[in-house]
Amino acid sequence: MKTTIRIAKLELNNLFYSPLAWLVLVGFSIFTAYEIIPTLKHIAEMMGMRNSDAGRSITEWIFTGKHRTYFAYTRDLLMVLIPLISMGVISREASSGSIKLLYSSPIKLGSIVVGKYIGVMVFVSMLMSISLLGIFIGNFTVEHLDFGRLMSVFIHLYLFAALIAAIGVFISTFSAYPIVDAVATIALVYGLDLLYGLVDEVPVVNVIMYWIAPSQQMEYAYRGLVTSQSLLYFVVLIILFVSWAFLRMVLKRQTSTAKWMTRAKMTALLVFAMGVIYTTTKPALLWYKDMSATQINVLSPVSKEALADLKDQPIKITTYVNLFGEDTYGLMPKDHVTAKAFFHKYYLEYPQIEMDYVYYYNPLQLEAYQDNVMFGKRISLEETIDYMSKLIKMDKSDIHHIDELGLSDDILKNYANFHFRILESKGKKSLLKYQFDDMIGWPDQAQTTAAFKRLVAKSYKIAFVEGHQERGIDVNEKVARARRAYYQKVNYPENYDLAISSADERYALKNNGFDVVSLSLTQEVPSDVDVLMIAEPKSEFSDQELANLKKYADKGGHLIIASGRGNEKVMNPIVAEFGVEYLPGMLVNDNPNYPADFNLAEPQGEFKESLLFKPDVQVIKATALKLDENKGFKSFVLLSSKGKETWMDATGPNEFGEITYNEAEGDKKASLPIAVQLERKVKNKSQKVLIASDAEFLSNARRYQAPKGIRVANASFMSYLSKWLTGGDYPLDIPRPEDKDLRTTIAWENIIWLNLLLYGFVPGLFVFFGGRMLLKRMRN
Numbered sequence: 147m148k149t150t151i152r153i154a155k156l157e158l159n160n161l162f163y164s165p166l167a168w169l170v171l172v173g174f175s176i177f178t179a180y181e182i183i184p185t186l187k188h189i190a191e192m193m194g195m196r197n198s199d200a201g202r203s204i205t206e207w208i209f210t211g212k213h214r215t216y217f218a219y220t221r222d223l224l225m226v227l228i229p230l231i232s233m234g235v236i237s238r239e240a241s242s243g244s245i246k247l248l249y250s251s252p253i254k255l256g257s258i259v260v261g262k263y264i265g266v267m268v269f270v271s272m273l274m275s276i277s278l279l280g281i282f283i284g285n286f287t288v289e290h291l292d293f294g295r296l297m298s299v300f301i302h303l304y305l306f307a308a309l310i311a312a313i314g315v316f317i318s319t320f321s322a323y324p325i326v327d328a329v330a331t332i333a334l335v336y337g338l339d340l341l342y343g344l345v346d347e348v349p350v351v352n353v354i355m356y357w358i359a360p361s362q363q364m365e366y367a368y369r370g371l372v373t374s375q376s377l378l379y380f381v382v383l384i385i386l387f388v389s390w391a392f393l394r395m396v397l398k399r400q401t402s403t404a405k406w407m408t409r410a411k412m413t414a415l416l417v418f419a420m421g422v423i424y425t426t427t428k429p430a431l432l433w434y435k436d437m438s439a440t441q442i443n444v445l446s447p448v449s450k451e452a453l454a455d456l457k458d459q460p461i462k463i464t465t466y467v468n469l470f471g472e473d474t475y476g477l478m479p480k481d482h483v484t485a486k487a488f489f490h491k492y493y494l495e496y497p498q499i500e501m502d503y504v505y506y507y508n509p510l511q512l513e514a515y516q517d518n519v520m521f522g523k524r525i526s527l528e529e530t531i532d533y534m535s536k537l538i539k540m541d542k543s544d545i546h547h548i549d550e551l552g553l554s555d556d557i558l559k560n561y562a563n564f565h566f567r568i569l570e571s572k573g574k575k576s577l578l579k580y581q582f583d584d585m586i587g588w589p590d591q592a593q594t595t596a597a598f599k600r601l602v603a604k605s606y607k608i609a610f611v612e613g614h615q616e617r618g619i620d621v622n623e624k625v626a627r628a629r630r631a632y633y634q635k636v637n638y639p640e641n642y643d644l645a646i647s648s649a650d651e652r653y654a655l656k657n658n659g660f661d662v663v664s665l666s667l668t669q670e671v672p673s674d675v676d677v678l679m680i681a682e683p684k685s686e687f688s689d690q691e692l693a694n695l696k697k698y699a700d701k702g703g704h705l706i707i708a709s710g711r712g713n714e715k716v717m718n719p720i721v722a723e724f725g726v727e728y729l730p731g732m733l734v735n736d737n738p739n740y741p742a743d744f745n746l747a748e749p750q751g752e753f754k755e756s757l758l759f760k761p762d763v764q765v766i767k768a769t770a771l772k773l774d775e776n777k778g779f780k781s782f783v784l785l786s787s788k789g790k791e792t793w794m795d796a797t798g799p800n801e802f803g804e805i806t807y808n809e810a811e812g813d814k815k816a817s818l819p820i821a822v823q824l825e826r827k828v829k830n831k832s833q834k835v836l837i838a839s840d841a842e843f844l845s846n847a848r849r850y851q852a853p854k855g856i857r858v859a860n861a862s863f864m865s866y867l868s869k870w871l872t873g874g875d876y877p878l879d880i881p882r883p884e885d886k887d888l889r890t891t892i893a894w895e896n897i898i899w900l901n902l903l904l905y906g907f908v909p910g911l912f913v914f915f916g917g918r919m920l921l922k923r924m925r926n
């Protein structure tokens, strides 16, 4: 050990008596400072001008973003500077001839290699201490700096630097020319990142090459996640390259007959290292620690609680890839490793998850692919499939016709043209759309956890009554296509599909824990229906239909009943047993900027308390409700009219088509119920009924269109109703973690002191001590 330390000291002396080491320290301190000061000054100036916070995490903005940030730039510098330091570690001995003396000396070759590596690592530690200075400055200039996230990156960067040093020591055993060593080291470090993708046809090799790439090990470190896999990756490769450096020196002093054994040892070390790295990728062996302040890398407490029963259950996720669909990039066989990143949070908690892929085609989408530019002609279905199989490097027998998959009618109707996932556990299945048609695209944690939750918890079925020209839930394909093209103006129909049944809509009940069906009340309501919805029927129910409705209600089934003005004759027989009556007339507003039948209903009770900005709910052609408290229900007003701005008009338009307020004719300004929630106990079950005197509040038009300058809560209203009806089970409320590091503590005019520190004082120290040491050497 003493010999090893002595060799390390000699290596340090060689480094610091060379101008190169001091130039590296000076350059590293200046260039890394350049990634802090300009960005910090920009943020401070912006906050001063706007008198507001930065609007995003300053920790990520300055330090941990992947591009043009402090640690990203530090990583790039280390990949160039460390090879310049390690390039002469062994080759210097070879070029000077002293290597023969080392071979003939009693010093063990292992002590020589390890001692030189330690010497290089002491210098690397000095470089990394400069990075610590950047963290120290951030801690004093940024409020609530995400220190844990910074330390996660620092730990991985230090190990990355140690790996580059180990590679440099190994490479220096090949050549007597230091500059060749430096170039080869840089090429190998970059090459480790480039290997992934070159052998993507072999799954196991593809996984190994993916996890060998240093950039993949840094991926989650920038977000604050430390895993046993990434730590072991660096440790294993460091040991591998240092061991190889030792065996290379052994190889040089051996006879040709003995060299095969050393080469076999090097090969065995490589196989063992790759095996360890591959094994550590298995989720079941993973240890992790989320060091970020917002815990963005792990499942939220809401998700963990909702999925607690999944802990020990087998879970399989099958991704169905439509080869003729849109956005197939990232779903090809070579991308299976990276595709797991979407479920990374779930893998950490449920390592038993298995993933599979099924590739299929829908002949109805074939036409767009038949005019093949490559062939210069219109090709057949068989030729198209053959071409696609070669393109994605897949056997044709693994590409299936959609009819071969045995999919349900609901999937064939709503998902056949898209990619989707089916989650399975113990015979239960749940569907998760691959991508939604909005600016975010991917399902977020709320939709994904809801899909997982359906495997272990009750899912809810909502049934729409049909047969009387009610508002429907069928998806309008013309509207759906227009929504996908964001530049097109969309004219929304009166249906409820965006709120209830649309597979494309992120917040539709269908994508948040509900099954959605349609039925007729000419038959009894099935026992598995949890919520029955009646949306503005245009004709009266028959006695049989009313009897089936009553039978469902008497069993304690939940209901949503909605209709607008002028429909009292149809609606009152339906709602009579609930102690509610639709009043004749129409709610009218006195605002000349809006149509007379447009009103802003004011939220009440728990719904009002759940809203952050206290917006209103827009209703159109609404009437008012009258309540009878003697029907056994507890009633709560959920939406009411604004008494000072609206009145109940009983007479309609005058001879000029105008609606005017006239108390003599019975008009009255008052706060009247527009939506009420009713509750009662039925056989130890809490029955919940929502009755609304407006049918527009859930329509597609009211969900996405509102008068300019008005904030409305129609989408939030549906979310509240769903939570109320399911006892809080769906939809899941998983708020995004809020960043706290949004403000700097330094004014922009004081940035000059950081300029003096980082551009002047720190580099000046290295210049002073370096110059002094070099002058001392020249004198000696």
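The opening residue of the sequence shown carries number 147 in my numbering; numbering runs sequentially from there. Backbone N, C-alpha and C fix where the C-beta goes; we use that ideal spot for every residue, glycine too.
Annotation for residue 477: 467 place their beta carbon closer than 6 Å to its own, counting only its chain and skipping 5 residues before and after. Collapsing the DSSP output to three states places residue 678 in a strand. With fewer than 16 other CB atoms across the displayed protein chains lying within 10 angstroms of its CB, residue 758 is exposed. DSSP places residue 463 in the uninterrupted beta strand (DSSP E) bounded by 461-468. Between residue 374 and residue 499, the alpha-carbon positions lie close to 19 Å from each other.
Contact holds between the stretch 601-618 and the stretch 678-697, because three or more Cβ pairs, one in each stretch, are under 8 Å apart. Beta-bridge partners of residue 728 (DSSP): 771. Nearest to residue 226 by alpha-carbon distance, out of 191, 199, 309, is 309. In this structure, the CA atom of residue 200 is about 27 Å from the CA atom of residue 301. Ranked by how close their Cα comes to the Cα of residue 705, the residues 604, 791, 832 have 832 in first place.
In this structure, the straight-line span from the alpha carbon of residue 404 to that of residue 410 is close to 11 Å. In the DSSP annotation of this structure, residue 360 is not part of any beta strand (DSSP E); the continuous alpha helix (DSSP H) holding it starts and ends at 360-365. In the three-state scheme derived from DSSP, where H, G and I count as helix and E and B as strand, residue 818 is classed as coil. Contact annotation: the stretch 580-594 touches the stretch 557-569, with at least three C-beta pairs closer than 8 Å. Nearest C-alpha to residue 887 among 289, 438, 790: 289.
Following the DSSP letters along the chain, one finds residue 575 inside the beta strand (DSSP E) bounded by residues 574-579. In the three-state reduction of the DSSP assignment, residue 436 falls in the strand class, which pools E and B. Judged by DSSP in its simplified three-state form, residue 221 adopts helix. One alpha carbon belongs to residue 885, the other to residue 431, and they sit about 31 Å apart.
When secondary structure is reduced to three states using DSSP, residue 707 falls in the strand class. Runs of the alpha helix (DSSP H) lying entirely within the stretch 875-910 and spanning at least 4 residues, in chain order: 897-901. Residue 683 sits in coil when the DSSP states are folded into three classes, being neither helix nor strand.
Secondary-structure assignment with DSSP links residue 745 through a beta bridge to 765. Scanning the stretch 590-617 from its first residue to its last, the whole alpha helix (DSSP H) runs of 4-plus residues come out as 591-599.
Excluding sequence positions up to five before and after residue 534, its CB lies within less than 6 Å of the CB of 469, all in the same chain and listed in chain order. Residue 306 has its alpha-carbon roughly 15 Å from the corresponding atom of residue 231. For residue 595 and residue 452, the gap between their C-alpha atoms comes out near 8 Å.
Cβ atoms of residue 217 and residue 161 stay farther apart than 8 Å, at about 25 Å.
A check of alpha carbon separations from residue 592 across 877, 148, 573, 444 identifies 877 as the nearest.
Note: residue 838 is bridge-paired with 708, 821 in the DSSP secondary-structure output. Take residue 674, set aside five residues on each side of it, and the residues of its chain with a beta-carbon closer than 6 Å to its own are 607, in chain order.
About 7 Å separates the Cβ atoms of residue 546 and residue 504, confirming a contact at the 8 Å cut-off.
Under DSSP, residue 833 forms a beta bridge with 826. If you keep only unbroken alpha helix (DSSP H) runs of at least 4 residues inside the stretch 355-413, you get 360-365, 374-398.
Our two residues, residue 702 and residue 780, have alpha carbons roughly 14 Å apart in a direct line. According to DSSP, residue 188 shares a beta bridge with no other residue.
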